Amino acid sequence: MPKGTDITEQNGTFQKGLSINPKKFKDQYRTAEGKKRAKVSFNGLETLWFNTGSLCNITCTGCYMESSPRNDFLSYLNLSEVNYFIEEALKNKFPLKKVAFTGGEPFMNPQILEIIEAVLNKQLPILILSNGMKPFLNRRHNLLKLKKKYEEKFSIRISIDHYNQLKHQKIRGDKSWDPMMKGLRWLAKHGFTLSVAARNCWDETELQTREGYHKLFKKENISVDSFNPSQLVLFPEMNKTLDVPEITSDCFDILQKRPEDLMCASSRMIIKRKGAAKPVVVPCTLLPFSRTFEMGSTLSSASKSVYLNHPHCAKFCVLGGGSCTTN
Ligand code: SF4
Numbered sequence: 035m036p037k038g039t040d041i042t043e044q045n046g047t048f049q050k051g052l053s054i055n056p057k058k059f060k061d062q063y064r065t066a067e068g069k070k071r072a073k074v075s076f077n078g079l080e081t082l083w084f085n086t087g088s089l090c091n092i093t094c095t096g097c098y099m100e101s102s103p104r105n106d107f108l109s110y111l112n113l114s115e116v117n118y119f120i121e122e123a124l125k126n127k128f129p130l131k132k133v134a135f136t137g138g139e140p141f142m143n144p145q146i147l148e149i150i151e152a153v154l155n156k157q158l159p160i161l162i163l164s165n166g167m168k169p170f171l172n173r174r175h176n177l178l179k180l181k182k183k184y185e186e187k188f189s190i191r192i193s194i195d196h197y198n199q200l201k202h203q204k205i206r207g208d209k210s211w212d213p214m215m216k217g218l219r220w221l222a223k224h225g226f227t228l229s230v231a232a233r234n235c236w237d238e239t240e241l242q243t244r245e246g247y248h249k250l251f252k253k254e255n256i257s258v259d260s261f262n263p264s265q266l267v268l269f270p271e272m273n274k275t276l277d278v279p280e281i282t283s284d285c286f287d288i289l290q291k292r293p294e295d296l297m298c299a300s301s302r303m304i305i306k307r308k309g310a311a312k313p314v315v316v317p318c319t320l321l322p323f324s325r326t327f328e329m330g331s332t333l334s335s336a337s338k339s340v341y342l343n344h345p346h347c348a349k350f351c352v353l354g355g356g357s358c359t360t361n
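Residue numbers (my numbering): 35 to 361.
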């Protein structure tokens, strides 16, 4: 997953002291220069994300979710809440291709196995993002049973911040490599459909990065093609100390980008804020904190255009080119 925002967004404001011009990202429809802000039309729900809760077993440097063993800003979603949105998507015949789970660490959620099985039971393919460590390892035998039952519909993406152990540990902590590798080897050995999420924040080219992972996967006999962008997903770093341009309606043509390729054109994510009576829908995995991006408590209410009124829209999606959307 991409990294690098600030926790004060949990209150709907950007952190003081950042070098983002305070006049930017104020008006939903206009930039600070008065130009029409870019928007992304909704093309139908293809990927439904659930943030299963912000708690994580580790604290990574620069985690964009600020996930940690103590940050419960986003509560655990429960089975009936997940079922509610799945039923809504099916009832309304949304063109759903995949249901995806992120966190925090999804395997920390006490009901994750029931949730996964309920979705698989609806014949929907799933993707789970995980750090591959203890919460995952503790549930691996139950996962294997699910995998045997729903073979083709089950995929897991493991986060490896760098193919070099020391660099990975620099972000994730001293004891983070060995358990992750244990999880990765186990998944490969049992034939799970695997992908890996990595950071593009090191002083090297994309080719060097992909070659580095290629050597690691070959050595460890891991069935991930590091040269395939959907199998090794590289996320650009989002440096929160840098100013960023606002995206106007002309930008897509100038940059020769297609708005329909952005995550918010075909994805939505469900989150539940701590203390909230029920979950809400947000446009993508990148904006769980900003209340101005909340789109109501149903998928139908969230079936509308998104105005790119956030630094992440520029830094990560339009200029950085990253996407959590799955193939
Ligand atoms: S962060 Fe990216 S995916 Fe999310 S609303 Fe902005 S442009 Fe869309």
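For glycine and all other residues, C-beta sits at the position ideal for the given N, C-alpha and C.
Computed from a predicted structure; not experimentally measured.
*Status (buried if at least 16 other CB within 10 Å, exposed otherwise) for F323*: Here residue 323 corresponds to residue number 289 of the sequence shown, with the count starting at 1. Buried.
*Just to check, is the beta-carbon of V315 closer than 8 angstroms to a non-hydrogen atom of the ligand SF4?*
Here residue 315 corresponds to residue number 281 of the sequence shown, with the count starting at 1. Checking the 8 angstroms criterion, the Cβ of V315 is out of range of every heavy atom belonging to the ligand SF4.
*asked:* For a test of the three-state rule: what should DSSP assign to N155, helix, strand or coil?
replied: Taking the sequence shown and counting its residues from 1, one reaches residue 155 at position 121. Helix.
*Does the beta-carbon of G138 have 16 or more other beta-carbons within 10 angstroms, so that it is buried, or is it exposed?*
Within the sequence shown, numbered from 1, the residue matching residue 138 stands at position 104. Residue environment analysis places G138 among the buried positions, since at least 16 neighbouring C-beta atoms fall within 10 angstroms of its C-beta.
*Compute every distance between the C-beta of M99 and the non-hydrogen atoms of the ligand SF4, then say whether any falls below 8 angstroms.*
Within the sequence shown, numbered from 1, the residue matching residue 99 stands at position 65. No; taking the cut-off as 8 angstroms, the Cβ of M99 has no heavy atom of the ligand SF4 nearer than that.
*asked:* Can you tell me where the alpha helix (DSSP H) holding R244 begins and where it ends?
replied: Counted from its first residue, the sequence shown places residue 244 at position 210. The continuous alpha helix (DSSP H) containing R244 extends over residues 240 to 254.
*In whole angstroms, what separates the C-alpha of S75 from that of C351?*
Mapped onto the sequence shown, residue 75 falls at position 41. Mapped onto the sequence shown, residue 351 falls at position 317. Whole-angstrom Cα-Cα distance: 15 angstroms.
*Classify R191 as buried or exposed, calling it buried when 16 or more other Cβ atoms lie within 10 Å of its own Cβ.*
Within the sequence shown, numbered from 1, the residue matching residue 191 stands at position 157. With 16 or more Cβ atoms within 10 Å of its Cβ, R191 is classed as buried.
_Backbone CA spacing between T239 and N198 [nearest angstrom]_ = Position 205 of the sequence shown, counted from the start, is the residue given in the question as residue 239. Position 164 of the sequence shown, counted from the start, is the residue given in the question as residue 198. T239 and N198 have their alpha carbons spaced roughly 15 angstroms apart.
*Reduced DSSP category for A231 - H, G, I as helix; E, B as strand; rest coil*: Numbered from 1 along the sequence shown, position 197 holds the residue referred to as residue 231. The answer is strand: DSSP assigns A231 an E or B state.
*Mind pulling the beta strand (DSSP E) runs of 3 or more residues that sit fully within the region 281 to 332?*
Whole beta strand (DSSP E) segments, 3+ residues: 301 to 305, 314 to 316.
*So, helix, strand or coil for K223, using DSSP?*
Working through the sequence shown from its first residue, we reach residue 223 at position 189. Here K223 carries a helix assignment [DSSP, helix/strand/coil].
*What is the chain-ordered set of residues for which the beta carbon lies under 7 angstroms from any non-hydrogen atom of the ligand SF4?*
Counting only beta-carbon distances shorter than 7 angstroms to the non-hydrogen atoms of the ligand SF4, the qualifying residues in chain order are V74, L296, M297, C298, P317, C318, L320, L321, F327, V340, L342, H344, H346, C347, F350, C351, V352.
_I need the boundaries of the beta strand (DSSP E) containing I190, first residue and last residue._
Here residue 190 refers to the residue found at position 156 of the sequence shown. 188 to 193 is the span of the beta strand (DSSP E), which, as asked, contains I190.
*asked:* Going by DSSP, what residue range makes up the alpha helix (DSSP H) through P270?
replied: As a first step, residue 270 must be located in the sequence shown, where it is residue number 236. If you look at P270, you'll find it isn't in any alpha helix (DSSP H); it sits in the beta strand (DSSP E) that goes 266 to 270.
*Could you check the C-alpha separation between T227 and T136 for me, to the nearest Å?*
Walking along the sequence shown from the start, residue 227 turns up at place 193. Walking along the sequence shown from the start, residue 136 turns up at place 102. C-alpha of T227 to C-alpha of T136: approximately 17 angstroms in a straight line.
*asked:* Taking the beta carbon of D287 as the centre, do at least 16 other beta carbons fall within 10 Å, making it buried, or is it exposed?
replied: Here residue 287 corresponds to residue number 253 of the sequence shown, with the count starting at 1. Burial call: exposed.
*Should P169 go down as buried or exposed, given a rule of 16 or more other Cβ atoms within 10 Å for buried?*
In the sequence shown, residue 169 corresponds to position 135, counting from 1. P169 should be labelled buried.
*Candidates L266, I149, L79: closest to F128 by CA position*: Against the sequence shown, residue 128 aligns to sequence position 94. When only C-alpha atoms are compared, the closest one is L79.
*Straight-line Cα distance separating S300 from L178*: Your numbering for residue 178 matches position 144 in the sequence shown. Your numbering for residue 300 matches position 266 in the sequence shown. Rounded to whole angstroms, L178 and S300 show a C-alpha spacing of 30 angstroms.
*asked:* Starting from F84, trace the beta strand (DSSP E) in both directions and tell me its first and last residue.
replied: If you number the sequence shown from 1, residue 84 lands on position 50. Per DSSP, the continuous beta strand (DSSP E) segment holding F84 begins and ends at 81 to 85.
*Who are the near neighbours of K58 in its chain, counting only those whose CB is closer than 6 angstroms to its CB and skipping five residues on each side?*
In the sequence shown, counting from the first residue as 1, residue 58 sits at position 24. Result list for K58: A66, E280, in chain order.
*On the three-pair Cβ rule with 8 angstroms, is the region 89 to 100 touching the region 157 to 173?*
Proximity of the region 89 to 100 to the region 157 to 173 meets the contact definition, three or more beta-carbon pairs being nearer than 8 angstroms.
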